[in-house]
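The structure appears below as structure tokens.
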Amino acid sequence: MEAGTISSFKEDQDIINVHDRLIDGKIARLPRNFWGNNEVAEHRLKLCLRHVVLQKLNMEPEEILSEVTQTFLINYKLFNAVYKCQSKRLQEFLIDTFPEIEYGDKEIINIYDAAIEGKIERFPKSFWGEGKVFQRRLKLCLRYVVLQKLEIAPQEILLKVTTTFLIKYKLFNVIYQRQTKGLTDLLMDMFPEIRYTDEEIINIYDAAIEGKIARLPKGFWGNHEDDIQYRLKLCLRYVVLQKLKMQPQEILIKVQSPFLVKYKLDYVIYQRQSKGLQELLIDIFPEIGYKEKDEEILNVYDATIEGKLAKLPKGFWGSHEEEVQHRLKLCLRYVVLQKLKIAPQEILLEVTSPFLMKYKLFNGVYQHQSKGLRDLLINIFPEIEHGDGHNINNILSEKQSTDEEIINMYDAALAGKLAQMPPGFWGNHEGEVQHRLKLCLRYVVLQKLNMKPHEIHMRVQKKFLIQYKLYYAHQRQPKGIKELLIDVFPEIGYTDKDIINIYDAVIEGNARLPRDFWGDEEVVQHRFKLCFRYLVLQKLKIKPQEILSKVTPSFLMKYKLSYIMYKRQTKGLEELLTDTFPEIDNRKGSLVNDRR
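Following the numbering used here, the numbering of the sequence shown begins with 779 at its first residue and continues without gaps.
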């Protein structure tokens, strides 16, 4: 028989008989060149393997992937042939050799169970399937491990099925790389048993604040604002009115940030819903009323600026502009004319933003009413215009916070010199918020941290905004992080060098790929080719003739390219490789010429 041709039936049977004699101990070793080369070797290997598995051992198709292991190959004298005469991984080779392998639901669960029990090293290739098949198999395995193997109660699923759980039970990659839903949404879809009654919501919340459970389950507050508001109302009314038995008039004073932290409500109130705390409390507790006489207003205000109260009670300034104007007038006239005895002609010079901050008026002036400071002062102090020939037009206008002052105050907050940003720091309307956010973001990124433009998308994520006290301001304006960064940093633009630097940092484990790193349809192919060629030819220095054998699906997964390969383009792997690496065809051509 000539090399490179498929043998006849008789020759096939002779091959099987010789191998059979070897595993039965009738001969000590196979004849020299028994396996042959290239196509002949793979053909003979498949003949012998199919004979042993299907005829000699009578295995069922569903047993093959779990039973035919490296130990099996050693026992049946096939190990060297499998690993030297062909290039496929074992499971890939088995699927190619045994097209009989099909997965029913029972087989799916059996193979999955064998994987998590350590009986097989990894899942077979194509085990999860595609599209609807993938969704069904994922649901089968997830429900099996959660409900049957571990017998987790429905109300505990969101609490126990975490990232650590997914890694342990070999579901992390398939959930985070093969489908797009967040974990909570996926679990809610796959486990309709997860539903909370009002009583269960209160019981779980009570268990959390009593320390009986370490934390609230993921997804506890719901996914939509209506759900969040409803569950928040249940828990807040429960803890305030039933557990702590607060009087209505105490609520606005006592329910402040430390209270929210202590009773595990700070995250949901500040991150998951849009209302301010006072507005929220008034909505949830219609029992609240805040009505004071002028004398009582001044007594509370004086106690606060004297340090007898830590801060003004919530709702102190009132709920509508007319009420705010009245109380501001009371307090401003009291502190300026009675307590400090400032002369009328000095008021516009003395009453500035630092003055308002010192005397607890900053929030009232800049967040609870609409007049500018100068107009407000002239309205509250008519004495200004009549003071001893003093011409108001010659008085300096009220001091507005300059960009430099904004940055200085922000830097003080970062350095811990301020416990928190002053009330109203980010401004009152969207334009002001965006301007101040841009100032602070450019300051911390370019001046304080000296980031390079190509690093910004990679490093400035949600955690960064939280760490550098910018997340609240980001929530006050409508742009997503990516859009905001592009607006704030026009210097951002990925050059080819930037693309390669970012990709290299990711595969070295020093960073994560920025969101939308691969870009839209117009640029994805270009960026993919850049990274692919950089990795294969420069970083790993793979020779052209080795590319087709070394670049496998597992290679793509290891080097963070499997998503882009299988989700963002339609070519098969070999076609993609020959397109991306024309050196492969050139190499083939040169070999042909050499042979000639």
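Quick reminder that beta carbons are idealized off the backbone N, C-alpha and C, glycines included. Here the structure is a predicted model, which means the values were calculated and not measured.
The beta-carbon distance between Leu1010 and Gln1051, rounded to whole angstroms, is 7 Å. This is short enough to meet the 8 Å contact definition.
In this structure, Gly1054 is the residue among Met1187, Lys1021, Gly1054 with its C-alpha nearest to the C-alpha of Ser1035. Per the coordinates, the alpha-carbon of Glu870 lies some 12 Å from the alpha-carbon of Tyr861.
DSSP places Asn1288 in no alpha helix (DSSP H); its state is neither H nor E. If you compare the alpha carbons of Asn816, Cys826, Phe787, Val1078 with that of Leu800, the shortest gap goes to Cys826.
In the displayed model, Cys863 falls within coil according to three-state DSSP, outside both helix and strand. Taking the C-beta atoms as reference points, Leu1030 is found no nearer than 8 Å to Ile1075. DSSP places Asn1077 in the uninterrupted alpha helix (DSSP H) bounded by 1072-1083. Between Lys917 and Met968 a beta carbon distance of about 5 Å is seen, short of the 8 Å cut, so the two are scored as contacting.
Within the model, the alpha-carbon separation for Asn951 versus Ile842 is close to 24 Å. The continuous alpha helix (DSSP H) containing Phe871 extends over residues 868-875. Leu937 places its beta carbon less than 8 Å from that of Lys996.
Following the DSSP letters along the chain, one finds Glu908 in no alpha helix (DSSP H), marked with neither H nor E.
Per the C-alpha coordinates, the member of Leu1154, Glu845, Ile1060, Val1113 positioned closest to Gly1096 is Ile1060. When the beta-carbon positions are compared, Ile1234 and Leu1263 come within less than 8 Å of each other. Arg915 is not a Cβ neighbour of Gly909, given a cutoff of 8 Å. Per DSSP, Lys855 is not a residue of any alpha helix (DSSP H), being assigned neither H nor E. Straight through space, the alpha carbons of Arg1152 and Gln1049 are spaced by roughly 35 Å. The beta carbon of Ile1278 lies closer than 8 Å to those of Leu1308, Cys1309, Tyr1312 in the same chain, with the five residues before and after it left out. In the displayed model, Gly1209 falls within a helix according to three-state DSSP. Contact between the region 1218-1232 and the region 1012-1022 is absent: fewer than 3 CB-CB pairs across the two stretches fall below 8 Å. Here Gln1323 is exposed. Its C-beta has fewer than 16 other C-beta atoms within 10 Å.
In this structure, the alpha-carbon of Leu1154 lies about 36 Å from that of Gln1007. When C-beta atoms of the region 851-861 are compared with those of the region 820-835, three or more pairs fall below 8 Å, so the two segments count as touching.
The three-state reading of DSSP puts Thr1356 in helix, counting H, G and I together. A residue is called buried once 16 or more other Cβ atoms fall within 10 Å of its Cβ, and His1232 is buried on that count.
A distance of 8 Å or more separates the beta carbons of Gln1147 and Gln1212. Ile1120 and Gly1142 have their C-alpha atoms spaced approximately 20 Å apart.
By the Cβ test, the region 1279-1298 is in contact with the region 1236-1250, since at least three Cβ pairs between them sit closer than 8 Å. For Phe1242, the enclosing alpha helix (DSSP H) covers residues 1240-1245.
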